[in-house]
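Enquirer: Numbering-wise, UniProt numbering puts 314 at position 314 of the sequence shown, and it's gapless, one number per residue.
Ideal Cβ placement from N, Cα and C applies to all residues, glycine included.
One structure follows; several queries about it will come next.
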Amino acid sequence: MGRPAGAADAAAAGVAAVRVRGAFRAAGFRVVVVPVERDELVERRRRPGTEVSCGVDGLTRRTLTATTDHPGERHHRVATVWWDGGMTSPVRLAARTLGDSGPRVVFVHGLFGQGRNWTTIARALAEDGHRVTLLDLPNHGHSPWTDRVDYRDMAEVVAEELELLGDPVTLVGHSMGGKVAMQLALRRPELLRALVVVDIAPADYPETGGRTDDPDEEASPFAAFIAAMQGMDLDRLETREQADAALRDAVPSTMVRSFLLQSLVRDGVGAGNGWRWRLNLETLARDLGELRLFPDPPPGAAFEGPVLWIAGANSTYVLDEDRPRMDQLFPHVRLVRVKNAGHWVHSEQPEVFLETVRRFLARVER
């Protein structure tokens, strides 16, 4: 039986970097490798290269990169090397880029998501002449797992990725990713050309709802989602249809179940019958309370660049009472409410979402 897809991909990444790693070692560097995993590109050829960025905290950072020969897509960061007489191994995020040239747009997903959630939108923007980078946040997708979940930590690691891209970008974030994007904009504004926040506010969210006077307002379902995923018996699971059925009581929405199940993968045989979650469910469950909050930005911080806020008209995540705080932190904000859309605006009304983003990009990139 062949190796699991993830193992094959990691091996390909290691082979791609070996020559450059050898050269660094010969020069006295110590090397740490972070494999790049991609379901779609397991067997595609990668070519090694090098990229040098600025010094960070007195260290020289060099990044080994790998590119695919698949037209229109570039995959990054096979390894990171730090030289300070020792070795530092920072968290690196999995990333996928569509488009070879043009203004850069970077997407960060929400809780339980991954960069691939944005693929349809990204392809359309790449066809428009943009370079679009999709990031997997820590504890999601192909990115490393960490021992805690914290918005400031996530903003910092995304900022490190943006530093390597060079020019300022338009950063798009949904829900949890929107809070990460806001924190980054307020702490590292020089990295951004513009900001797009999707259906989230710079606010703390109660666990049991109560943001409106509507007695039917739904309590936050995320704890129930995690419990349902953790409670799934992976050893007995045979098909995705069975997984879908196991989630149905806790996750009645077919769209949301499909979204969650994108993070359930099967590598082959072994523990869990080969099934595993790409989500760090234990850490997410423990720190879910942190994700409801919005950490205080630095005193006096405000992002002076252009900001587009896209909210679902049927969602309670962005309310009129949030507007003063939005205006204080992001004084050049435009709020658009999308009809017939809830929290997952880009999935529920993709054409409207795409056109709204296109118009904003046309304005900020002039």
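#1: Quick check on Leu111: does DSSP put it in helix, strand or coil?
#2: Report all residues from its chain with a CB closer than 7 Å to the CB of Met154; omit the five preceding and five following residues, and keep chain order.
#3: Taking the alpha carbon of Pro331 as the reference point, which residue from Gly342, Leu308 and Val318 has its own alpha carbon closest?
#4: Rounded to whole angstroms, how far is the Cβ of Leu261 from the Cβ of Arg240, which I believe are closer than 8 Å?
#5: Among all the DSSP beta bridges, which residues are the ones paired with Val197?
#6: For Ser101, count the other beta carbons within 10 Å of its own beta carbon; 16 or more makes it buried, fewer makes it exposed. Which is it?
#7: Check the DSSP bridge columns for Val106 and list the partner residues they point to.
#8: State the Cα-Cα distance for the pair Ile121 and Arg359, rounded to the nearest angstrom.
#9: Please classify Trp275: does DSSP put it in a helix, a strand, or coil?
#10: Please look up how many angstroms separate the CB atoms of Ile226 and Leu281, rounded, as I've assumed it's under 8 Å.
#11: Is the stretch 335 to 344 in contact with the stretch 309 to 319, if contact means three or more CB pairs nearer than 8 Å?
#12: DSSP state of Val265, grouped into three classes?
#13: Nearest-angstrom Cα distance between Glu40 and Ser347?
#14: Count the other CB atoms within 10 Å of the CB of Arg104; is the residue buried (16 or more) or exposed (fewer)?
#15: Quick check on the DSSP output: the beta strand (DSSP E) that includes Leu234 runs from which residue to which?
#16: Take the Cβ of Ser253 as the centre, count every other Cβ of all protein chains shown within 10 Å, and call the residue buried at 16 or more, exposed below.
#17: If you draw a straight line from the C-alpha of Ala325 to the C-alpha of Val198, how long is it?
Expert: Walking through what the data contain:
#1: coil
#2: Leu137, Pro138 and Val180
#3: Leu308
#4: 6 Å
#5: Gly173 and Trp309
#6: exposed
#7: Thr133 and Leu171
#8: 14 Å
#9: strand
#10: 6 Å
#11: yes
#12: strand
#13: The pLDDT assigned to Glu40 is 29, lower than 50, so where the model puts this residue is not dependable; a value taken from the coordinates is nonetheless given after this. The alpha-carbon atoms of Glu40 and Ser347 are separated by roughly 22 Å.
#14: buried
#15: From DSSP, Leu234 is part of no beta strand (DSSP E); its letter is neither H nor E.
#16: exposed
#17: Before going further, note that residue 325 is Arg rather than Ala in the sequence given. Approximately 16 Å between the Cα atoms of the pair.
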